[in-house]
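> Read top to bottom, the protein sequences are chains C and A. Take the first sequence: its letter number 11 is residue 324 in this note's numbering, and every next letter is one higher. Take the second sequence: its letter number 22 is residue 335 in this note's numbering, and every next letter is one higher. Just so it is clear, CB atoms sit at the ideal spot from N, CA and C, and this is done for glycine as well. Being a predicted model, the structure only gives us computed values, none of them experimental.
Number of protein chains: 2
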Amino acid sequence: MDERIAVVGLGNAGLPLAAVIADRGLKVTGIDVNRERCKQINTGLNPIPQEAGLDELIKLHGGKGLAATPDYADAKDCNVFIVIVPLFVDSGFNPDFGILEKALRSVGGILKPGDLVVLETTVPPGTTDTLARAWLEEASSLKVGDFHLAYSPERIMTGYSISRLREFPKVIGGVDEDSGLAAYSVYKKFISNLSMVSTAKTAELIKVMEGCYRDVNVALANELFKIAERLGVEFYEARSYANHQFCHIHLPSTGVGGHCIPVYPWFLIKAMEKRELFGNVRLLRTGRELNDGMIDHWTEKIVLASLKINKPLKDVKICVKGLTYRQGVKEFYHSRNLSLAKLLVEKGLNAYAWDELMSKEEVEGKGLYWLDPTEADLIFDCFTLKIVCR
Amino acid sequence: MDERIAVVGLGNAGLPLAAVIADRGLKVTGIDVNRERCKQINTGLNPIPQEAGLDELIKLHGGKGLAATPDYADAKDCNVFIVIVPLFVDSGFNPDFGILEKALRSVGGILKPGDLVVLETTVPPGTTDTLARAWLEEASSLKVGDFHLAYSPERIMTGYSISRLREFPKVIGGVDEDSGLAAYSVYKKFISNLSMVSTAKTAELIKVMEGCYRDVNVALANELFKIAERLGVEFYEARSYANHQFCHIHLPSTGVGGHCIPVYPWFLIKAMEKRELFGNVRLLRTGRELNDGMIDHWTEKIVLASLKINKPLKDVKICVKGLTYRQGVKEFYHSRNLSLAKLLVEKGLNAYAWDELMSKEEVEGKGLYWLDPTEADLIFDCFTLKIVCR
Numbered sequence: 314m315d316e317r318i319a320v321v322g323l324g325n326a327g328l329p330l331a332a333v334i335a336d337r338g339l340k341v342t343g344i345d346v347n348r349e350r351c352k353q354i355n356t357g358l359n360p361i362p363q364e365a366g367l368d369e370l371i372k373l374h375g376g377k378g379l380a381a382t383p384d385y386a387d388a389k390d391c392n393v394f395i396v397i398v399p400l401f402v403d404s405g406f407n408p409d410f411g412i413l414e415k416a417l418r419s420v421g422g423i424l425k426p427g428d429l430v431v432l433e434t435t436v437p438p439g440t441t442d443t444l445a446r447a448w449l450e451e452a453s454s455l456k457v458g459d460f461h462l463a464y465s466p467e468r469i470m471t472g473y474s475i476s477r478l479r480e481f482p483k484v485i486g487g488v489d490e491d492s493g494l495a496a497y498s499v500y501k502k503f504i505s506n507l508s509m510v511s512t513a514k515t516a517e518l519i520k521v522m523e524g525c526y527r528d529v530n531v532a533l534a535n536e537l538f539k540i541a542e543r544l545g546v547e548f549y550e551a552r553s554y555a556n557h558q559f560c561h562i563h564l565p566s567t568g569v570g571g572h573c574i575p576v577y578p579w580f581l582i583k584a585m586e587k588r589e590l591f592g593n594v595r596l597l598r599t600g601r602e603l604n605d606g607m608i609d610h611w612t613e614k615i616v617l618a619s620l621k622i623n624k625p626l627k628d629v630k631i632c633v634k635g636l637t638y639r640q641g642v643k644e645f646y647h648s649r650n651l652s653l654a655k656l657l658v659e660k661g662l663n664a665y666a667w668d669e670l671m672s673k674e675e676v677e678g679k680g681l682y683w684l685d686p687t688e689a690d691l692i693f694d695c696f697t698l699k700i701v702c703r
Numbered sequence: 314m315d316e317r318i319a320v321v322g323l324g325n326a327g328l329p330l331a332a333v334i335a336d337r338g339l340k341v342t343g344i345d346v347n348r349e350r351c352k353q354i355n356t357g358l359n360p361i362p363q364e365a366g367l368d369e370l371i372k373l374h375g376g377k378g379l380a381a382t383p384d385y386a387d388a389k390d391c392n393v394f395i396v397i398v399p400l401f402v403d404s405g406f407n408p409d410f411g412i413l414e415k416a417l418r419s420v421g422g423i424l425k426p427g428d429l430v431v432l433e434t435t436v437p438p439g440t441t442d443t444l445a446r447a448w449l450e451e452a453s454s455l456k457v458g459d460f461h462l463a464y465s466p467e468r469i470m471t472g473y474s475i476s477r478l479r480e481f482p483k484v485i486g487g488v489d490e491d492s493g494l495a496a497y498s499v500y501k502k503f504i505s506n507l508s509m510v511s512t513a514k515t516a517e518l519i520k521v522m523e524g525c526y527r528d529v530n531v532a533l534a535n536e537l538f539k540i541a542e543r544l545g546v547e548f549y550e551a552r553s554y555a556n557h558q559f560c561h562i563h564l565p566s567t568g569v570g571g572h573c574i575p576v577y578p579w580f581l582i583k584a585m586e587k588r589e590l591f592g593n594v595r596l597l598r599t600g601r602e603l604n605d606g607m608i609d610h611w612t613e614k615i616v617l618a619s620l621k622i623n624k625p626l627k628d629v630k631i632c633v634k635g636l637t638y639r640q641g642v643k644e645f646y647h648s649r650n651l652s653l654a655k656l657l658v659e660k661g662l663n664a665y666a667w668d669e670l671m672s673k674e675e676v677e678g679k680g681l682y683w684l685d686p687t688e689a690d691l692i693f694d695c696f697t698l699k700i701v702c703r
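So this is what it looks like as structure tokens:
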């Protein structure tokens with residue numbers, strides 16, 4: 314089969330994938346709602362410069378092997394549709410399928426018998442074979458069987474996506490056996506370390522389980538960190554010797570932010586609680602609450618340190634250093650650092666913020682006061698977790 | 314310094330250590346309350362045959378470089394005392410320091426200025442510098458400073474203790490700097506992969522943290538296993554692909570038994586709850602409860618499978634296969650398999666038990682009815698977690 318591949322969604326996950334496919338010599342149509350981004354890609358310019366190796370690939374293939382377009386009609390001759398658009402969650406961590414539904418219905422609009430659709434967006438297990446299937450079938454008036462449908466979770470990590478795609482194990486599973494086989498044979502052309510699993514739902518759960526492992530283990534690190542503090546033991550020293558080939562205690566933090574790790578446990582928590590199986594997700598829920606509650610722990614520590622400064626507490630200038638959800642990535646979704654800064658203000662403390670990636674105006678745009686750390690009485694560094702009084 | 318080493322406690326952890334020290338050419342006096350065991354060792358016979366490599370060492374050194382005795386007076390010329398006796402916990406998981414106190418007071422009775430005492434028994438962090446120190450000081454009328462006191466957690470694993478002692482990283486920490494240095498220099502003579510940490514309490518916490526990592530991660534595996542079951546996904550398949558260099562999802566089980574993993578989290582839970590810091594141990598407590606509650610999950614599964622058998626439920630012969638806390642080790646402390654068998658009986662089911670390591674009489678000695686699995690209508694294998702109906 315001669316594959317003509319459409320990649321729907323040219324974001325942090327989609328663009329590296331589209332570029333890697335084009336680099337394998339396959340013809341790729343990239344679809345993205347952002348016209349500016351499409352233009353940029355077509356002139357060979359990389360819109361995600363922090364992604365190692367991507368500059369080169371976009372320069373080589375942008376506008377040629379990889380043609381970007383905001384228009385689904387431009388992909389009507391494609392026979393493989395890879396959907397890798399964002400899935401946001403609301404403040405109660407309920408997924409908002411809006412973007413995904415729109416993308417899948419648009420794909421459905423140009424879907425032909427014999428085509429293959431592969432979803433890569435991380436979703437609650439079961440989504441591909443229920444919601445995604447229904448949207449595609451409705452919009453195309455075709456049935457699974459007429460077309461193939463599979464799921465393969467993206468496993469990229471911002472900054473390392475190209476190497477991950479080239480080396481990291483990737484799984485793919487179909488909603489039926491034919492779909493699985495069809496998807497595997499296509500993906501094998503551009504993913505070297507690929508495994509087929511028995512169902513799409515299995516592939517969906519694999520991705521979510523990884524996130525749960527991370528979240529619960531960060532929670533464990535945070536809990537052990539608090540315990541070590543109370544016992545008067547240096548946590549990092551203990552951790553460095555506790556860890557070995559069978560022990561992987563993670564690093565403590567202000568909590569877990571971003572679009573991935575803090576979201577995935579909720580997919581399972583909500584799936585089980587909907588079935589009234591509250592007891593089935595107690596550990597996941599406790600881990601989530603523990604991580605989200607770390608900002609209270611740090612607030613307490615900051616207040617205790619502030620009390621030692623020879624000024625009325627309300628006058629102690631506190632600077633929260635680092636607002637992005639992780640260091641070096643200018644993203645704020647569920648950033649616990651941002652929440653910590655806001656919590657300090659809410660508690661009536663004289664709190665300010667600073668971030669190496671943000672201007673004064675950008676900090677103020679987040680509803681906080683900006684302060685150069687050198688002018689603060691107390692600095693809390695969100696990434697090193699160090700409190701420095703001046 | 315010419316070391317003359319006493320190892321107090323020649324059990325599963327102490328005897329391999331004593332044998333490894335003797336094998337390094339150091340003179341070892343082994344002390345154990347069990348006279349029979351001492352005699353056996355002195356005639357070159359290994360009382361722990363399942364311990365790989367131990368036969369050879371006991372044959373070589375028993376009664377010679379390693380002289381076993383029930384009498385502390387025989388060790389009065391020793392200048393290094395390594396204490397590695399069991400610490401049991403009561404049914405509420407409160408440590409019973411009885412054996413440890415007796416051993417340390419006995420060591421105190423023969424302790425001389427300049428001697429070194431190293432505790433290896435896993436204990437609640439802080440024990441060496443509080444309880445152990447007090448017992449030694451009282452019994453010896455000496456003070457730390459006159460003698461050295463340190464802690465180095467045993468990290469053996471039944472069956473692999475010799476290789477663990479020879480290769481696995483081991484830590485040691487003193488109650489003061491001199492003690493740490495003295496202990497390090499002695500241990501370095503027989504432990505190749507040795508690190509000194511800043512305090513005895515740090516070394517104590519290192520061991521307990523490892524146990525907590527294991528316990529919480531088994532709990533996570535059990536929770537994900539139950540979720541996968543409800544979602545209709547094969548857990549083991551998903552796990553095998555979810556795991557990679559950054560993801561280490563453990564195996565599900567009937568819970569966690571034995572003297573170690575299920576006990577250590579309680580050391581921290583009780584230490585924090587005593588300080589009214591209930592919020593500091595929520596994850597550890599949830600993990601413990603989840604693991605201990607797995608027998609309810611398996612009971613439910615066994616009942617559901619039994620209902621499909623064409624007999625009144627009360628007549629379905631259920632055989633629990635495997636009663637030891639783990640396969641191949643004839644130990645029952647906090648065995649969840651034993652608890653599961655008892656729970657089934659308690660619920661009025663027609664439940665029996667069988668174990669490859671136990672005679673009919675031994676099974677009955679545990680308060681259960683014995684049944685050959687071939688005569689059961691339903692077999693639950695505690696180690697493979699498989700339910701087989703016949």
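Since C/LYS539 meets chain A, which of its residues come closer than 7 Å, beta carbon to beta carbon?
Going along chain A in sequence order, the residues near C/LYS539 (Cβ under 7 Å) are ASN593.
> With 16 as the cutoff for other CB atoms within 10 Å, does A/PRO625 come out buried or exposed?
exposed
> Indicate whether at least one CB of chain C lies closer than 8 Å to the CB of A/GLY568.
no
> Counting pairs of beta carbons, one from the segment 507-522 of chain C and one from the segment 421-440 of chain C, are three or more of them closer than 8 Å?
yes
> Distance, Cα to Cα, A/PHE410 vs A/LEU400?
Inter-residue distance for A/PHE410 and A/LEU400 is about 6 Å (C-alpha atoms, whole angstroms).
> Are the CB atoms of C/LEU432 and C/VAL396 nearer to each other than 8 Å?
yes
> Threshold first: 4 residues or longer. Then list the alpha helix (DSSP H) segments lying entirely within the segment 399-449 of chain A, N to C.
411-423
> Give me the Cβ distance between C/ASN407 and C/LYS583, rounded to the nearest whole Å; I'm assuming they're in contact under 8 Å.
The pair is a contact, with the Cβ atoms about 7 Å apart (cut-off 8 Å).
> In the DSSP assignment, find the unbroken beta strand (DSSP E) run with A/GLY487 in it and report its ends.
483-487
> Could you tell me whether the Cβ of C/THR515 comes closer than 8 Å to any Cβ of chain A?
yes
> Taking the C-alpha atoms as reference points, what is the distance between A/ASP387 and A/ASN506?
In a straight line, the C-alpha of A/ASP387 is about 31 Å away from that of A/ASN506.
> Taking contact to mean at least 3 C-beta pairs separated by less than 8 Å, is the segment 574-593 of chain C in contact with the segment 608-625 of chain C?
no
> When you compare only the Cα positions, how much space is there between C/VAL569 and A/LYS679?
47 Å
> Within 8 Å (strictly less), CB to CB, does C/ARG639 reach chain A?
no
> Which of the three DSSP states, helix, strand or coil, is assigned to C/PHE394?
Here C/PHE394 carries a strand assignment [DSSP, helix/strand/coil].
> I'd like to know whether the C-beta atoms of C/TYR473 and C/ALA365 end up nearer to each other than 8 Å.
yes
> Whose C-beta lies closer than 8 Å to the C-beta of C/VAL346 among residues of the same chain, with five residues either side of it excluded?
PRO383
> Mind listing, in chain order, the continuous alpha helix (DSSP H) runs of no fewer than 4 residues lying wholly within the segment 557-596 of chain A?
577-587
> Output needed in chain order: residues of the segment 376-400 of chain A with a Cβ under 9 Å from some Cβ in chain C.
none
> Answer yes or no: does any C-beta atom of chain C fall closer than 8 Å to that of A/ALA532?
yes
> Between C/TYR549 and chain A, is the shortest Cβ-Cβ distance under 8 Å, so that the two count as touching?
Cβ-Cβ to chain A under 8 Å: no for C/TYR549.
> Answer with yes or no whether the minimum CB distance from C/ILE519 to chain A is below 8 Å.
yes
> Identify whether C/PHE538 lies in helix, strand or coil by the three-state DSSP scheme.
helix
> In whole angstroms, what separates the C-alpha of C/ASP489 from that of C/LEU564?
Those two C-alpha atoms are separated by around 40 Å.
> C/PHE289 by DSSP, collapsed to three states: which one?
The structure shown does not extend to residue 289 of chain C, since chain C is modelled only from 314 to 703, so the question has no answer here.
> Is the CB-CB distance between C/LEU462 and C/LEU449 below 8 Å?
yes
> Interface residues of chain A around C/LEU603 at Cβ under 8 Å?
The answer, in chain order, is ARG595 and LEU596.
> A/PRO565 CB to nearest chain C CB: under 8 Å?
no
> Taking the C-alpha atoms as reference points, what is the distance between A/GLU542 and A/LEU596?
23 Å
> Would the beta-carbon of C/GLY635 fall within 8 Å of that of C/ASP690?
no
> If we call anything under 8 Å between Cβ atoms a contact, is A/PRO329 one with C/HIS557?
In this structure, C/HIS557 does not lie closer than 8 Å to A/PRO329 by Cβ.
> Whose CA, out of A/TRP611, A/VAL658 and A/ASP668, lies closest to the CA of A/LYS699?
A/TRP611
> So does the segment 491-500 of chain A actually touch the segment 453-469 of chain A, counting three or more Cβ pairs closer than 8 Å?
yes
> Keeping to the same chain, check which residues put their C-beta closer than 6 Å to that of A/PHE548; ignore five residues upstream and five downstream.
PHE538 and ALA541
> Counting only runs of 4+ residues fully inside the segment 340-399 of chain C, write out the alpha helix (DSSP H) ranges in chain order.
348-355 and 367-374
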